[in-house]
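What follows is a single structure, written as structure tokens, with notes after it.
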């Protein structure tokens, strides 16, 4: 059995869009042009256009026409959190201020822990020179923690997990959400040596292995003046 005519038209037009024949925002063919080009009914053309719009390739504006979507279709987006140190000393160091068993049910849930499994809280303050710019509270499953280690052993959690378990967390799947928050808690303000009304960037990140096992859940507060992001789209 052959494919319906509207699907063949849709696929041909999709290939044309992906070929670069149009730029984002360009006006697309009119229904009349497509009817004449493919020698089909208006119903067939409209159905193909609706599919392309549902797929995110086209935007229809009543009374105006059909246009190429400005969305990044078929592109890989690279996200970079840029460290803004231009006005500060480049001497960065990290202090571990808390290293203990965790008891927060929400953190255990974020880690996907089963009943009876525990996790550790490792809280660190990152500084540039004498300026604290970020507070990171990492939740790590207990099976990945050396419970007898000195807290300073976890100045770099990624290095410890790489050396102790052969897992390179930078190469594993992760997702992160960033938002602006204020006021902040007195605890975070004290560690950042600021006041509670100073805005911070709240970053929450989860990293997992191909098996789906979550290895880390991190909640960080970063001073707003040390935060800058870059988004770069790369065609694939």
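Numbering (my numbering), first residue to last: 9 to 244.
In this text, a Cβ means the ideal position worked out from N, Cα and C, and glycines have one as well.
In terms of residue numbering, what span does the beta strand (DSSP E) encompassing residue i cover?
i	result
residue 213	208-216
residue 181	181-189
residue 68	66-69
residue 74	73-76
I'd like to check one pair, residue j with residue i: are the Cβ atoms closer than 8 angstroms?
i	j	result
residue 193	residue 211	no
residue 175	residue 148	no
residue 133	residue 105	yes
residue 128	residue 150	yes
residue 60	residue 16	no
residue 13	residue 52	yes
residue 188	residue 209	yes
residue 231	residue 141	yes
residue 69	residue 101	no
residue 303	residue 234	The question about residue 303 has no answer here: the residues shown for the chain are numbered 9 through 244.
For residue i, which residues in the same chain have their Cβ closer than 6 angstroms to its Cβ, ignoring the five residues on either side in sequence?
i	result
residue 120	222
residue 155	none
residue 28	none
residue 166	177
residue 297	No answer is possible for residue 297: the residues shown for the chain start at 9 and end at 244.
residue 42	53
Please work out which residues of its chain come closer than 7 angstroms, Cβ to Cβ, to residue i, disregarding the five sequence neighbours upstream and downstream, and give them in chain order.
i	result
residue 25	65, 76
residue 168	161, 162
residue 18	56, 59, 60
residue 33	75, 76, 78
residue 220	none
residue 201	140
What does a CB cutoff of less than 8 angstroms around residue i pick up in its chain, not counting 5 residues either side in sequence?
i	result
residue 118	147, 214, 222, 225
residue 115	127, 129, 147, 225
residue 172	152, 154
For the candidate residues the options, whose alpha-carbon lies nearest to that of residue i?
i	options	result
residue 262	60, 217, 52	Since the first and last residues shown for the chain are 9 and 244, residue 262 lies out of range.
residue 196	14, 164, 144, 52	144
residue 54	62, 39, 45	39
residue 110	74, 153, 142, 30	153
residue 185	237, 35, 103	237
residue 190	200, 207, 42, 139	207
residue 5	47, 50, 63, 200	Only positions 9 to 244 of the chain appear in the structure, and residue 5 is not among them; the question remains open.
residue 67	36, 220, 124, 198	36
residue 103	199, 112, 172	199
If you follow the alpha helix (DSSP H) that residue i is in, where does it begin and where does it stop?
i	result
residue 234	Neither: residue 234 is in no alpha helix (DSSP H) and is coded neither H nor E.
residue 192	Run containing residue 192: none; DSSP gives neither H nor E here.
residue 175	Neither: residue 175 is in no alpha helix (DSSP H) and is coded neither H nor E.
residue 57	50-62
residue 46	39-46
residue 17	13-26
Taking 7 angstroms as the cut-off, is the beta-carbon of residue i closer than that to any non-hydrogen atom of the ligand GDP?
i	result
residue 198	In terms of ligand content, the structure shown is empty, and the ligand GDP therefore cannot be addressed.
ask   = If you scan the region 88-142 from start to end, which runs of the beta strand (DSSP E) of 3 or more residues do you find wholly inside it?
value = Positions of the beta strand (DSSP E) runs, each at least 3 residues long and wholly inside the region 88-142, are given as 100-109, 127-136 in order along the chain.
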